[in-house]
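If you count by mature numbering (1 follows the signal peptide of the UniProt record, and there is no 0), then the sequence shown holds residues -32 to -1, 1 to 319, one letter each, in order.
Backbone N, C-alpha and C fix where the C-beta goes; we use that ideal spot for every residue, glycine too.
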Amino acid sequence: MRTQLSPTAARGLGVALGTVALTAATAFPAGARTAVTDLGTLPGGTTSLAYAVNDAGTVVGSATNADGVSRPVRWSADGLISDLGTLPGDVSGTAYNINRAGVVVGRSVGADKAEHAVRWTPDGRTAQLAGLPGSTRSRAYGVNARGIAVGFSATPELVYKAQRWDVDGKATHLPPLPGDVSSAAAKINDSGAAVGFSGTSDGKQHAVRWNADGTPVSLGGVLPGDDSSQASWINNRGVMVGNSYRAGKGYDGPFHAVKWSRSGTAVPLSPLPGDTGSAVYGINDAGVAVGFSYTPGGVFHAVRWSPGGQVTDIGAAVAGPSEAYLLNNEGVTVGYLTTDQGVVRAARWSG
């Protein structure tokens, strides 16, 4: 999931709706050993996005339904799609992450656009994760094997504050670096270390790692010509990935993918030859990272970086833009592809 922020009554889990139409069972070659699959969408829907995949091959993200509403969804390893449901009274949502046990975290969104961080349990319960008092925007982006979640909650003035939620729902604020005013957390590993950003009052951001006790540590990683960085993922070996960029420029900056070693040493991850920008959002325990590379004209291609930093275009199988957001320890990667009709669909790369 992207970490640039540019995501209690319970409701039962939606019923599995069967295999999706179009190309849900069709794999396209993407090189000698890689195939990409369009995961489809909810019945009657058009678009979908996949943000995370666990080691069991279960994928989560969002998909539109027949009414054009974006719903939080889960795809089983064999491609069955389920609507996870929202909090009572809410109308849409997004599932951002899933752990091996099947615990899912994300957001539930009301008709008034208020966002609520939520946790979906494997037995079908949907529970709100408490935000800051008065907050109208909170999201849970990451969840580890123990079920501890991280994300952010915003003040009424929309200042982001990183949060960690324990299994029992207890919320803890993860503070920014000294002198900074905002923060957001993207991922927590099984040892309890979390990563994200710490923000200054003038809009710049610093990649940060929070130790298990909540202490923030600056990671640096701002490359020459840039003024900001964010950390988007930390694996169970403590290796981190994220991005360096110019604040306020978005991908036009451009973005530059970065990897940090356990000791905090930052090295850039190169884009594809001829491209000018790259962004990385996930790294597995073997050190394989995924994200995307883009041309000066803004054409995005999903890519994979080897542990040694070699970049491979896994988006080459489809003519349109694609992005990769996360991969599991088996190397299965998820994100989106663009169909020949120009429609954005959740994608899974394997092999």
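How would you call residue i, buried or exposed, if buried means at least 16 neighbouring beta carbons within 10 angstroms?
| i | result |
| --- | --- |
| Glu83 | buried |
| Arg272 | buried |
| Arg230 | exposed |
| Ala69 | exposed |
| Leu126 | exposed |
| Val258 | buried |
| Gly283 | buried |
| Ala(-1) | For Ala(-1), the predicted model reports a pLDDT of 46, less than 50, meaning its position is unreliable; a value from the coordinates is still stated below. Burial call: exposed. |
| residue 333 | Any answer about residue 333 is impossible in this case: the structure gives the chain only from -32 up to 319. |
| Ser50 | buried |
| Asp58 | buried |
| Ser110 | A small correction: the amino acid at residue 110 is Gly; Ser does not occupy that position in the sequence shown. Gly110 is buried by the Cβ-count criterion. |
How long is the line joining the alpha carbons of residue i and residue j, rounded to whole angstroms?
| i | j | result |
| --- | --- | --- |
| Gly119 | Gln309 | 35 Å |
| Val37 | Thr233 | 43 Å |
| Ile66 | Asp253 | 16 Å |
| residue 330 | Gly245 | The requested residue 330 does not occur in the structure, where the chain is confined to residues -32 to 319. |
| residue 341 | Pro124 | In this structure the chain extends from -32 to 319, so residue 341 is not present and cannot be described. |
| Ser44 | Thr2 | 20 Å |
| Gly13 | Gly188 | 42 Å |
| Leu145 | Ser186 | 7 Å |
| Leu142 | Asn112 | 16 Å |
| Gly25 | Asn157 | 18 Å |
| Ala79 | Ala34 | 17 Å |
| Ser318 | Ser169 | 42 Å |
| Gln173 | Ala215 | 7 Å |
| Val176 | Thr15 | 33 Å |
| Ala225 | Thr301 | 17 Å |
| Leu55 | Gly102 | 18 Å |
Out of the options, which one is the CA nearest neighbour of residue i?
| i | options | result |
| --- | --- | --- |
| Ala152 | Ala130, Ala270 and Gly265 | Ala130 |
| Thr280 | Ala287, Gly288 and Ala292 | Ala292 |
| Ala180 | Gly206, Asp194 and Leu55 | Gly206 |
| Thr140 | Phe165, Thr307, Asn296 and Leu100 | Leu100 |
| Gly8 | Trp317, Ser318 and Arg313 | Arg313 |
| Gly193 | Ala3, Pro222 and Gly171 | Pro222 |
| Ser166 | Asp148, Gly182, Phe260 and Thr183 | Asp148 |
| Val248 | Leu97, Val256 and Leu142 | Val256 |
| Asp46 | Thr5, Asp91 and Val111 | Thr5 |
Residues in the same chain with beta-carbon distance under 8 Å from residue i, minus the five sequence neighbours each way, listed in chain order, please.
| i | result |
| --- | --- |
| Ala63 | Tyr19, Ala20, Val28, Gly29, Ser30, Pro40, Val41, Arg42, Leu52, Val72, Val73, Gly74 and Trp88 |
By Cβ distance below 6 Å, which residues in the same chain neighbour residue i in space, the five residues on each side in sequence not counted?
| i | result |
| --- | --- |
| Val235 | Lys227 |
| Trp201 | Lys155, Val209, Gly250 and Ile251 |
| Trp133 | Leu97, Ala117 and Ala139 |
| Trp275 | A quick correction: the sequence has Pro, not Trp, at residue 275. Counting only Cβ-Cβ distances below 6 Å, and skipping sequence neighbours, we find Gly255. |
What residues in its chain sit with their C-beta under 7 Å from that of residue i, if we drop five residues either side in the sequence?
| i | result |
| --- | --- |
| Val190 | Ser196, Ser197 and Ser212 |
| Gly303 | Ala18, Ala270, Ser290, Glu291, Ala292, Tyr293 and Ala315 |
| residue 320 | Beyond the ends of the chain as shown, which are -32 and 319, falls residue 320; an answer cannot be given. |
| Thr306 | Val286, Gly288, Pro289, Ser290 and Val312 |
Step through the CB atoms of chain C and report whether any lies within less than 9 Å of the CB of residue i.
| i | result |
| --- | --- |
| Asp195 | Absent here is chain C; the protein component of the structure consists of one chain. |
Under three-state DSSP, which class holds residue i?
| i | result |
| --- | --- |
| Gly188 | strand |
| Gly193 | coil |
| Lys220 | As written in the sequence, residue 220 is Asp, which differs from the Lys given in the question. Helix, per DSSP. |
| Asn65 | strand |
| Ala(-8) | Any reading at Ala(-8) needs caution, since the residue's pLDDT is 31, under 50, leaving its predicted position unreliable; the model's value is listed next. It is coil, neither helix nor strand. |
| Val21 | strand |
| Thr280 | strand |
| Arg114 | coil |
Run the proximity test for residue i: is its beta-carbon closer than 8 Å to any non-hydrogen atom belonging to the ligand ZN?
| i | result |
| --- | --- |
| Ser103 | Summarising the ligand content, the structure contains no ligands, and the ligand ZN is consequently not present. |
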